[in-house]
Amino acid sequence: MERQRGDEGEAEEDIPRNGGRAGVRLLILSVTEDCNLRCVYCYARGGERKRYMSYSTAKRAIERHYHPGMKVQLTGGEPLLNYKVVRRVAGRYDVRFSIQTNGTLLDHEKAEELHDLGVRIGISIDGPPEVNDVLRPYPSGRGSTRDVLRAMMVLKSLGIPYGITCVVTRVNQSRLRDLVDIACAFGARSISFDLLKRVGRGRSLSPPDPSSVREAVLYAERMGYPIRFRNVLQQILNLRCAALEGKSVFVFPDGREMSACATLASAEIENPESCPFRSQGL
10 MERQRGDEGE AEEDIPRNGG RAGVRLLILS VTEDCNLRCV YCYARGGERK RYMSYSTAKR
70 AIERHYHPGM KVQLTGGEPL LNYKVVRRVA GRYDVRFSIQ TNGTLLDHEK AEELHDLGVR
130 IGISIDGPPE VNDVLRPYPS GRGSTRDVLR AMMVLKSLGI PYGITCVVTR VNQSRLRDLV
190 DIACAFGARS ISFDLLKRVG RGRSLSPPDP SSVREAVLYA ERMGYPIRFR NVLQQILNLR
250 CAALEGKSVF VFPDGREMSA CATLASAEIE NPESCPFRSQ GL
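Just so you know, we're using this note's numbering here: the sequence shown kicks off at 10 and counts up by one.
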C-alpha cells in the first residue's frame with residue numbers, strides 16, 4: 010500500500026502487512042462519547058461524557074487488529090461530532106468501514122465524501138415523528154425527526170445506499186409498520202431492528218414485545234417492499250453474534266479495549282458469554 014499523508018501533512022507509515030488477529034471480524038471504534046441528542050434509552054449514555062478519540066488512538070487500534078477481511082464500525086455517541094478522525098481513518102485503511110449516525114449532522118458534502126471513501130452509512134430512526142421525537146430528542150426536548158428525514162432524503166437524492174437502525178421499545182413497537190413505510194419511501198435499502206437493551210439510560214424501561222418485529226418483517230414481505238432486514242431476532246434470521254463468537258473488539262475513546270459488542274462494552278460486561286440480552290434473541 011502506498012504511503013499517504015495525513016491532514017496535518019505528516020508522512021504516514023505503511024500499514025503493517027502481517028500484523029493483526031484474523032479472528033477479529035468486527036472492530037468497533039467509539040470515536041466519541043459525546044452526542045447532540047439525548048435518546049431516552051441510550052445504552053452508552055451518549056452526551057453525558059465528552060471524550061473524543063484521537064487519530065493516533067484510532068490508528069493504533071486498527072493496525073493492532075488489521076487484516077484484509079476486517080470490518081470497522083465507527084460509532085459513539087454521535088460519530089460525526091468527530092468527523093475529522095472519521096474522514097482521516099476511512100481515507101487511510103483498505104478495510105470495510107461503516108458508520109452509525111443519528112443523521113442530524115449529515116449534509117450533502119459529508120454524505121458524498123463518506124460514500125467516496127467507501128464508508129457504508131447507517132441512520133438511526135425509531136418511527137414516525139410522534140414516536141421518534143419522544144424517543145430521540147435534542148437536549149432541549151425538541152424532536153429530531155425532521156432533521157433525520159432531511160438526511161435520509163439527501164442520501165436518496167444522491168443515490169447513496171444506506172440502511173436504518175431502529176431500537177424497539179414499548180413506545181414504538183406498535184408503529185414498526187409505519188417505520189417500514191418511511192424507510193421504503195426515503196430509499197433505505199435495509200432495516201436493523203434492535204430490541205431495547207436495559208442498560209444505560211434504558212435501565213428502568215420495560216422491554217418490548219419481540220413479536221412486533223416479526224409482524225413488521227411479515228408486513229414488508231406482504232407489501233412487496235424491496236428491503237432487507239438485518240440484526241433482527243435470531244430466530245428469524247439465524248444471526249451470528251460476533252461478540253459471542255469472540256470476534257468483536259470494542260475500543261473506547263481513550264484506547265481501552267474489550268472483546269465485546271458496543272452494548273456489552275458500554276455496560277462493562279467483560280465476558281460476552283454472560284450477555285444478558287441473549288434471551289431477547291440478540
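Ideal Cβ positions, reconstructed from N, Cα and C, are used throughout, including at glycine.
Option in the options with minimal Cα separation from residue i
i, options, result
"I236", "N111, Y171, P137", "Y171"
"V180", "V49, G86, L123, H117", "V49"
"K119", "R96, D156, Y234, V208", "R96"
"K80", "G56, L35, C51, K165", "L35"
"A274", "F238, Y228, K206", "K206"
"G56", "G168, Y147, A197, I37", "Y147"
"S183", "M162, S166, V226", "V226"
Endpoints, beta strand (DSSP E) assigned at residue i
i, result
"V177", "171 to 177"
"L185", "Note, L185: premise wrong, no beta strand (DSSP E); alpha helix (DSSP H) at 185 to 194."
"R237", "237 to 239"
"V258", "257 to 260"
"L204", "199 to 204"
"L123", "Counting along the chain, L123 falls outside any beta strand (DSSP E), though it belongs to the alpha helix (DSSP H) covering 117 to 125."
"R105", "105 to 110"
"L114", "Careful: L114 lies outside any beta strand (DSSP E) and carries neither H nor E."
Assumed close pair residue i, residue j - CB separation to whole angstroms, cut-off 8 angstroms
i, j, result
"V222", "F195", "Not really, about 20 angstroms apart at Cβ, beyond 8 angstroms."
"L46", "S153", "6 angstroms"
"I200", "A160", "Contact flag wrong, Cβ pair sits at about 16 angstroms."
"L144", "V177", "L144 to V177, Cβ: 10 angstroms. No contact."
"K256", "V33", "6 angstroms"
"C44", "G85", "6 angstroms"
"Y52", "V208", "5 angstroms"
Beta carbon proximity, residue i to chain D, threshold 9 angstroms
i, result
"G211", "The structure shown contains no chain D; it is built from a single protein chain."
Residue i classed as buried or exposed, judged by whether at least 16 other C-beta atoms fall within 10 angstroms
i, result
"E139", "exposed"
"D125", "exposed"
"Q244", "Unreliable positioning characterises Q244 in this predicted model, as indicated by a pLDDT of 46, which lies under 50. The coordinate reading is nonetheless provided below. Exposed."
"S39", "buried"
"E230", "exposed"
"E42", "buried"
"D103", "exposed"
"R60", "exposed"
"A271", "buried"
"R129", "buried"
"D263", "exposed"
"G233", "exposed"
"S107", "buried"
"H74", "buried"
"M162", "exposed"
"D142", "buried"
Limits of the alpha helix (DSSP H) - the one that residue i falls within
i, result
"S221", "220 to 232"
"S133", "Unbroken run through S133 is the beta strand (DSSP E), 129 to 133; no alpha helix (DSSP H)."
"V140", "138 to 144"
"K80", "No alpha helix (DSSP H) holds K80; the beta strand (DSSP E) holding it covers 80 to 84."
"L164", "154 to 167"
"T66", "64 to 74"
"K93", "92 to 99"
| query | For the segment 55 to 64 against the segment 214 to 228, are there 3 or more C-beta pairs whose distance is under 8 angstroms? | reply | no
| said: Below 8 angstroms, how does it come out for the segment 181 to 189 and the segment 208 to 215: are there three or more Cβ pairs, yes or no? | reply: no
| query | Just checking, does the segment 112 to 119 make contact with the segment 65 to 80 on the three C-beta pairs under 8 angstroms criterion? | reply | Segments in contact, no.
| contact_flag[the segment 138 to 152, the segment 72 to 91] where n(CB pairs < 8 angstroms) is 3 or more | no
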